Amino acid sequence: MPGSVVFGVSREIDGRAFVQHLAEPLPVTAELLALAGEAPPGEVFRFAAACATDACAHFDGANCRLAQKLVASDLDRVSAVPPCRIRADCRWFTQEGTRACLVCPLIFSENAAPAAELAHAADPFTWG
Ligand code: SF4
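Residues in the sequence shown are numbered consecutively from 10, following the working numbering.
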């Protein structure tokens, strides 16, 4: 998407994968994407772009239902709100507050084997 940035990279500590937020978001370029090597960039980098509102199936006209479902889910959380350079412009944060930030670092832009709760949240045509 135009204006997309990378704001985090996937890391793993003690077998647990999470998104490490960058000190500054970086514009998405071919050179940056090449750093993922053979891996799908969405599994390595966490991307952000301006909310597409009505162009996105998760948007209900007022809110992002993806954020609502993630916050309401039983997915794991981190124990502290991470430092984040895009917070001032983040729809998830604006809508759900720090509850979104506690689940956000455990969400990856692309996940080949999502947990059932995550797959449910990511499916814009399921609710409840
Ligand atoms: S949900 Fe919170 S941590 Fe995640 S991108 Fe938005 S402001 Fe940053």
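All C-beta atoms in this analysis are idealised placements derived from N, C-alpha and C, irrespective of residue type, glycine included. Being a predicted model, the structure only gives us computed values, none of them experimental.
Judged by their CB atoms, V87 and R108 are not nearer to each other than the 8 Å cut-off.
In terms of CA proximity to H129, D83 leads the group C110, D23 and D83. Residue range V14 to I22 is occupied by the beta strand (DSSP E) that includes F16. In the three-state scheme derived from DSSP, where H, G and I count as helix and E and B as strand, V28 is classed as strand. Straight across, the Cα-Cα distance linking L127 with E119 is about 11 Å.
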